[in-house]
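Just below is one structure, and these are the notes that go with it.
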Amino acid sequence: IIDRIELTPLFVPFKEIARKAMGESEGGIGMVHPSDEPWFGGEFVIIKLISNEQNTGLGESSIWLPESGITPLQVIDVIKKALGKYLIGENPFNIEKINKKMDDNVARNEQAKGALDMACYDLMGKIAGLPACYFMGGRNIDEIPLAALIPLGSPMLMRGLVRSYYKKGFRSFRLKLGESIKSDFEICQKIRKSLGDDIRLRVDYNQAYSPSEAIKAIKAIEPFGIDFAEQPVRSDDYLGMAYVQERVDTPLMNHEGFFSLRDFITLVELKAVRVLGIQSDRPAGVTKCLQAINYAKCRGLEVMIHKEPLGIASAMLIHIHAAKCHSIDFATELFGQEMMEDDLLVKPLDYSGGTAKVPNGAGWGVDLSEKALEKYATSPTITIK
Numbered sequence: 001i002i003d004r005i006e007l008t009p010l011f012v013p014f015k016e017i018a019r020k021a022m023g024e025s026e027g028g029i030g031m032v033h034p035s036d037e038p039w040f041g042g043e044f045v046i047i048k049l050i051s052n053e054q055n056t057g058l059g060e061s062s063i064w065l066p067e068s069g070i071t072p073l074q075v076i077d078v079i080k081k082a083l084g085k086y087l088i089g090e091n092p093f094n095i096e097k098i099n100k101k102m103d104d105n106v107a108r109n110e111q112a113k114g115a116l117d118m119a120c121y122d123l124m125g126k127i128a129g130l131p132a133c134y135f136m137g138g139r140n141i142d143e144i145p146l147a148a149l150i151p152l153g154s155p156m157l158m159r160g161l162v163r164s165y166y167k168k169g170f171r172s173f174r175l176k177l178g179e180s181i182k183s184d185f186e187i188c189q190k191i192r193k194s195l196g197d198d199i200r201l202r203v204d205y206n207q208a209y210s211p212s213e214a215i216k217a218i219k220a221i222e223p224f225g226i227d228f229a230e231q232p233v234r235s236d237d238y239l240g241m242a243y244v245q246e247r248v249d250t251p252l253m254n255h256e257g258f259f260s261l262r263d264f265i266t267l268v269e270l271k272a273v274r275v276l277g278i279q280s281d282r283p284a285g286v287t288k289c290l291q292a293i294n295y296a297k298c299r300g301l302e303v304m305i306h307k308e309p310l311g312i313a314s315a316m317l318i319h320i321h322a323a324k325c326h327s328i329d330f331a332t333e334l335f336g337q338e339m340m341e342d343d344l345l346v347k348p349l350d351y352s353g354g355t356a357k358v359p360n361g362a363g364w365g366v367d368l369s370e371k372a373l374e375k376y377a378t379s380p381t382i383t384i385k
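Using the working numbering, the first residue of the sequence shown is number 1, and each one after it goes up by one.
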């Protein structure tokens, strides 16, 4: 039974090398994005669900105001004032009941709900003494393939970064594009020419183009073999996404405009996307991620996982890939370990050779560093009983 909830807001700076690479782009954030907000690190909320037997389930919510529309303190506030009551005194294994109560009583707030749902799965694993993937479909593989994120910069710089990660074992790359159709073409051309057909490329426009521009931009790089194109138009322009998807061969994926399961279903029914991009909070935790994956496969869509989180959410996404590997069509992109100054884990996850090992322990198989939690906390921990 869940006895109490502990909530801690954090700010974790980017590593110096990540800040330098991101600073090469015109806006200084490694991508074309309409936001003027400075971006020097990540804001998070770490959630602990503590049972009456003193088992602890860990959850993580990552916040970026231009996308999330909420702050860490707002996530904490909605849990404290509303969502928390549907978990206190409840059995974490009653996850469908918990999700229904949260959805029936609080609109949206996928990031808060997702982190609570995530923590329930870790707590289930801790109670049962099993890895969390066994509650999602099993441990079907022991390691997952990874993709590398290449921030927007000059064609030469981006090609150099791809080569560097290629030497480390990566074979899939997400290229940040959108400065201009000409530069998009030059970037893809140089990278494909340099490494040939041994690599897979996906691109991310971060809302850079109008629908008509997006069609031209995507068609220009299609000869270079692009797996899918992420968010070419504004996040709220679902009809624009559908307009583009109808007119290009490359599958589209929505990121900034997708939070809830209903968002994704709407995009699919509008024929605006052909790839589902799963994150720890999109659509709101493990339970809805599994529902979205199953729906996507029933509708004939491809599925991928991507996020730049801390260690807890990274472990969650590794477990989802291990459980649903037969439904995942692309290498998973987990780049928090490359970008963030600290992962907040006692022992880091095992990344090597362009892969991530599935943790062996109960739940997520990771332990939170209390020292790091204290170091990066932006205000005191809130306890709900």
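We put the CB at the ideal spot given by N, CA and C, even for glycine. Here the structure is a predicted model, which is why all the values come from computation and not from measurement.
For Tyr351: DSSP bridge partner residues
Position 351 of the sequence shown holds residue 351. Tyr351 is bridged to Ala356.
Should Leu239 go down as buried or exposed, given a rule of 16 or more other Cβ atoms within 10 Å for buried?
Position 239 of the sequence shown, counted from the first residue, corresponds to residue 239. Exposed: under 16 other Cβ atoms inside 10 Å.
Since Lys48 is in the beta strand (DSSP E), which residue starts that stretch and which ends it?
For the purposes of this step, residue 48 is taken as the residue at position 48 of the sequence shown. 41-51 is the extent of the beta strand (DSSP E) around Lys48.
Tell whether a beta-carbon distance below 9 Å holds between Leu334 and His306.
In the sequence shown, the residue the question calls residue 334 occupies position 334. In the sequence shown, the residue the question calls residue 306 occupies position 306. Yes, they are a contact pair.
To the nearest angstrom, how far is the alpha carbon of Met253 from that of Asn52?
Position 253 of the sequence shown, counted from the first residue, corresponds to residue 253. Position 52 of the sequence shown, counted from the first residue, corresponds to residue 52. The alpha-carbon atoms of Met253 and Asn52 are separated by roughly 42 Å.
Give me the Cα-Cα distance between Arg192 and Arg159, rounded to the nearest whole angstrom.
Mapped onto the sequence shown, residue 192 falls at position 192. Mapped onto the sequence shown, residue 159 falls at position 159. Taking the straight line joining both Cα atoms gives about 9 Å.
Candidates Leu368, Ser369, Gly353, Thr383, of which the one nearest Lys452 by Cα:
Outside the shown range of the chain (1 to 385) lies residue 452, about which nothing can therefore be said.
Looking at Glu67 and Val45, is the spacing between their C-beta atoms short of 9 Å?
Numbered from 1 along the sequence shown, position 45 holds the residue referred to as residue 45. Numbered from 1 along the sequence shown, position 67 holds the residue referred to as residue 67. No.
Any chance the region 139-154 sits against the region 313-331, with 3 or more Cβ pairs inside 8 Å?
yes
Between which two residues does the beta strand (DSSP E) containing Met386 stretch?
Residue 386 lies beyond the stretch modelled for the chain, which goes from 1 to 385, so this question has no answer here.
Three-state class that DSSP yields for Ile226 in the structure shown
Taking the first residue of the sequence shown as 1, we reach residue 226 at position 226. Ile226: strand per DSSP, three-state reduction.
Cα-Cα separation between Glu222 and Val203, rounded to whole angstroms:
Reading the sequence shown from its first residue, position 222 is the one you call residue 222. Reading the sequence shown from its first residue, position 203 is the one you call residue 203. Cα-Cα distance, rounded: 11 Å.
Element boundaries [beta strand (DSSP E), containing Leu130]
Stepping through the sequence shown from its first residue, residue 130 is reached at position 130. Run containing Leu130: none; DSSP gives neither H nor E here.
Once you ignore the five residues that flank Glu256 on each side, which residues in its own chain have a CB closer than 7 Å to its CB?
Within the sequence shown, the letter at position 256 stands for residue 256. So the list reads Glu67, Gln207, Gln231, Ser235, once near-sequence residues are dropped.
So within the region 79-128, which uninterrupted alpha helix (DSSP H) runs reach at least 4 residues, ignoring any that extend past its ends?
95-105, 110-128
Where DSSP assigns a beta bridge to Phe173, which residues make up the other side?
Within the sequence shown, the letter at position 173 stands for residue 173. Phe173 is bridged to Ala148, Leu201.
What would DSSP say about Thr287, mapped onto helix, strand or coil?
Here residue 287 corresponds to residue number 287 of the sequence shown, with the count starting at 1. It is helical.
Let me know if Val346 comes out buried or exposed under the rule of 16 or more other beta-carbons within 10 Å of its beta-carbon.
Taking the first residue of the sequence shown as position 1, residue 346 is located at position 346. With fewer than 16 Cβ atoms within 10 Å of its Cβ, Val346 is classed as exposed.
Expressed to the nearest angstrom, what Euclidean distance is found between the alpha-carbon atoms of Asp198 and Tyr166?
Counted from its first residue, the sequence shown places residue 198 at position 198. Counted from its first residue, the sequence shown places residue 166 at position 166. Approximately 10 Å, taken between the alpha carbons.
Endpoints, the alpha helix (DSSP H) within which Phe433 is located:
The chain is shown only over 1 to 385; residue 433 falls outside these bounds and no answer can be derived.
List the endpoints of the continuous beta strand (DSSP E) containing Ile1.
As a first step, residue 1 is located in the sequence shown; it is residue number 1 there, counting from the start. Unbroken run through Ile1: none, as it is neither H nor E.
Considering only residues of the same chain and omitting the five flanking positions on each side of Ile218, which have a CB-CB separation below 6 Å?
On the sequence shown, residue 218 is found 218 positions in, with the first residue counted as 1. Ala229, Val248, Thr250.
Quick one: give me the first and last residue of the alpha helix (DSSP H) that Leu310 is part of.
Here residue 310 refers to the residue found at position 310 of the sequence shown. Careful: Leu310 lies outside any alpha helix (DSSP H) and carries neither H nor E.
Helix, strand or coil at Ile384 according to DSSP, with G and I counted as helix
Position 384 of the sequence shown, counted from the start, is the residue given in the question as residue 384. If DSSP states are grouped into helix, strand and coil, Ile384 belongs with the strands.
At least 3 beta-carbon pairs within less than 8 Å: the region 110-125 vs the region 277-290
yes
Taking Ala292 as the reference, give the member of Ser314, Ala132, Ala272, Ser327 with the closest Cα.
Here residue 292 refers to the residue found at position 292 when the sequence shown is read from its first residue. Ranking Ser314, Ala132, Ala272, Ser327 by Cα distance to Ala292 puts Ser327 first.
What does Ile63 pair with, by DSSP beta-bridge criteria?
Your numbering for residue 63 matches position 63 in the sequence shown. Partner(s): Glu43.
Note down, in chain order, each residue of its chain lying with its Cβ closer than 6 Å to the Cβ of Met31, except the 5 sequence neighbours on either side.
One-based indexing of the sequence shown puts residue 31 at position 31. Cβ within range, chain order: Leu152, Lys176, Asn206.
Terminal residues of the continuous alpha helix (DSSP H) containing Leu261?
For the purposes of this step, residue 261 is taken as residue 261 along the sequence shown, with counting starting at 1. Segment 261-269, the alpha helix (DSSP H) holding Leu261.
Going by CA-CA distance only, name the one from Met339, Gly84, Ala214, Asn91 that's closest to Ala242.
Taking the first residue of the sequence shown as 1, we reach residue 242 at position 242. Closest by alpha carbon: Ala214.
Thinking just about the alpha-carbon of each residue, which of Ile265, Ala82, Phe93 is nearest to the one in Lys102?
Counted from its first residue, the sequence shown places residue 102 at position 102. According to the sequence displayed, residue 102 carries Met and not Lys. Comparing Cα positions, the closest option is Ala82.
Does the beta-carbon distance from Leu7 to Ile47 come in below 9 Å?
Residue 7 sits at position 7 when you count from the first residue of the sequence shown. Residue 47 sits at position 47 when you count from the first residue of the sequence shown. Yes.
Compute the distance between the beta-carbons of Ala112 and Ile150, then report whether it is under 9 Å.
If you number the sequence shown from 1, residue 112 lands on position 112. If you number the sequence shown from 1, residue 150 lands on position 150. Not closer than 9 Å, so no.
Hey, would you say Lys357 sits closer than 9 Å to Leu368, going by beta carbons?
Residue numbering aside, residue 357 sits at position 357 when the sequence shown is read from its first letter. Residue numbering aside, residue 368 sits at position 368 when the sequence shown is read from its first letter. The answer is no: Cβ separation not under 9 Å.
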